[in-house]
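K.L.:
In this note's numbering, the protein residues as written are 268 to 668.
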Amino acid sequence: MNSQTLFNNYIIAGVEASLARVRAAEYVVPEADRQQAWQILSFALKVDEAWPVTRELLLELAPKMEMAGFREEWIPYLEQGLYYAKCVGDGQVAAGCELQMGILYRLMSQYEEAHQLIQASVVQFVKQNHAVGQANALNELAWLAHLQHHYAAAEKYVEQAIALSTSDQQVLANARRIQGMIAIGNRQWTEAVDLHHQALTLFQQLDDKRKSAWSIQNIGYALNELGRLDEAESYLRQAIERLQMLNDSYHLAIAKMNLANVLVNQGNATPAHELFVAAQQVFETHGDRLNQARVQTNLGIVLLDLQVYSDSQARFRIAARLYEDLGDQIWHINALDGLVMALTSNRQYSDAIEIADKGLALLPNIYGTAYYENLLGKLTNHRNEAVRHGGHNCTISCDLH
268 MNSQTLFNNY
278 IIAGVEASLA
288 RVRAAEYVVP
298 EADRQQAWQI
308 LSFALKVDEA
318 WPVTRELLLE
328 LAPKMEMAGF
338 REEWIPYLEQ
348 GLYYAKCVGD
358 GQVAAGCELQ
368 MGILYRLMSQ
378 YEEAHQLIQA
388 SVVQFVKQNH
398 AVGQANALNE
408 LAWLAHLQHH
418 YAAAEKYVEQ
428 AIALSTSDQQ
438 VLANARRIQG
448 MIAIGNRQWT
458 EAVDLHHQAL
468 TLFQQLDDKR
478 KSAWSIQNIG
488 YALNELGRLD
498 EAESYLRQAI
508 ERLQMLNDSY
518 HLAIAKMNLA
528 NVLVNQGNAT
538 PAHELFVAAQ
548 QVFETHGDRL
558 NQARVQTNLG
568 IVLLDLQVYS
578 DSQARFRIAA
588 RLYEDLGDQI
598 WHINALDGLV
608 MALTSNRQYS
618 DAIEIADKGL
628 ALLPNIYGTA
638 YYENLLGKLT
648 NHRNEAVRHG
658 GHNCTISCDL
668 H
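1) Please report how far the alpha carbon of residue 554 lies from the alpha carbon of residue 517, in whole angstroms.
2) Am I right that residue 650 and residue 628 are in contact with their C-beta atoms under 8 angstroms? What's the rounded C-beta distance?
3) Quick check on the DSSP output: what are the complete alpha helix (DSSP H) runs of length 4 or more inside the region 610-639, in order along the chain?
4) With 16 other CB atoms within 10 Å as the buried threshold, where does residue 274 fall?
5) Tell me which residues share the same chain as residue 416 and place their Cβ nearer than 8 angstroms to its Cβ, disregarding the 5 neighbours each side in the sequence.
6) From residue 297 to residue 535, what distance separates their C-alpha atoms?
7) Throw me the rounded Cβ distance for the residue 526 and residue 500 pair, which I believe falls under 8 angstroms.
8) How far does the alpha helix (DSSP H) with residue 319 in it reach, from first residue to last?
9) Compare the beta carbon distance of residue 463 and residue 486 with 8 angstroms and say whether it is the shorter of the two.
10) How big is the Cα-Cα spacing for residue 331 and residue 446?
11) Under 8 angstroms by Cβ, that's how I've got residue 270 and residue 324 pegged, so tell me the actual separation to the nearest angstrom.
12) For the structure I just gave you, are there three or more beta carbon pairs, one from the region 374-381 and one from the region 343-358, closer than 8 angstroms?
13) Below 8 angstroms between beta carbons: does that hold for residue 600 and residue 642?
14) Note down, in chain order, each residue of its chain lying with its Cβ closer than 7 angstroms to the Cβ of residue 489, except the 5 sequence neighbours on either side.
15) Taking the C-alpha atoms as reference points, what is the distance between residue 372 and residue 340?
16) Would you say residue 426 and residue 449 are within 8 angstroms of each other, going by their C-beta atoms?
17) Here's the rule I'm using: 16 or more other beta-carbon atoms within 10 Å means buried, otherwise exposed. How should residue 368 be labelled?
18) Please return the same chain residues whose Cβ sits closer than 7 angstroms to the Cβ of residue 394, not counting the five positions on each side in sequence.
19) DSSP three-state call for residue 418: helix, strand or coil?
20) Rank 435, 572 and 605 by C-alpha distance to the C-alpha of residue 588 and give the top, closest one.
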């Protein structure tokens, strides 16, 4: 046996040992095992003979690395896996790597890159005649579309996913979860609660603890919007407890942010502020610009309640800039409305009117969405309030189209 064969056998044995340890971890891979897996991958991806087991390690690691919060540092391994898979004609692994990279770019709010990769995975899964893989990728396209307020497109992707894999409960559960988010995006709160309950039931039947916790969190979010605050708090605290047990720090931060929103509505601004700050740190660490924008908006609101007006203004300005960078006009305008309130509270009436006019000028861009009338009413009322307090005589009515 020559030295190259010995080396190859050593690498294969190392990958097999690492794969066993990764599979033994239900959700979070212990740090020592994670480091060993990455190290062995860096060698194994250069050894042709190791590919049959290396591909399994890649596919097993990918969702667990996402859960552990790895983004930019994990993507190069997926890129290497994708390159090698294409070289050897392993379409299933190529599709899996593209899908996982797309998810990571989406989590970092890099939507164009995410869409390209997920769409490429759909094409690969079609070539492989892999209906479940195609359905999973279509659900991811739907999730991406809903984040960008493309709700009709999101619903179409979901329907395609369900039609492709009618007997796969995981596909259906994910589809119901996405439909629940579409309902939230359309401000259909009661329907959202029902859809997220359906998703929860399916995830519980699958014994998917992580996504069950996400569904509980989503129910709490929708209940808060319905004004059912005690129920919302109960659901969100359940979600937090479960996510803590799973060490899902990213989604734990989302649940804490949404619990903080409930606390604000209950009049408990100080503990809400603490939760928002903690969530903000997680989103910054994970490079999630969308949730950074959301939490900055929420911090602006809670600081307004605490009468810390200058800091409130700063938070709303950061949120408005982040949303503008993301191309999210609905929430950009909403952040501008928050800034109007903060400026008015700080007696900066001329500045408040100027920002309100900026927001009102942008409103035609979102005409026809579920948020148009709501934002038109808020901006108009807040502008008129600034006019009254500032001694101006130019109020407006809610008739902008």
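We put the beta carbon where it would ideally sit given N, CA and C, even for glycine.
P.N.:
So, from the listed chains and residues:
1) 11 angstroms
2) Wrong, their Cβ atoms sit about 12 angstroms apart, outside the cutoff.
3) 616-629
4) Its Cβ having fewer than 16 others within 10 Å, residue 274 is exposed.
5) 452, 595, 597 and 636
6) Cα to Cα, the separation comes out at about 37 angstroms.
7) The Cβ separation is near 7 angstroms, so the contact holds.
8) 318-334
9) yes
10) 25 angstroms
11) That belief does not hold up - the Cβ atoms of residue 270 and residue 324 are roughly 24 angstroms apart, past 8 angstroms.
12) Per the Cβ contact rule, the region 374-381 is not in contact with the region 343-358 (fewer than 3 Cβ pairs under 8 angstroms).
13) yes
14) 451, 456, 459, 460 and 463
15) 12 angstroms
16) no
17) Buried: at least 16 other Cβ atoms inside 10 Å.
18) 358
19) helix
20) Per the Cα distances, 605.
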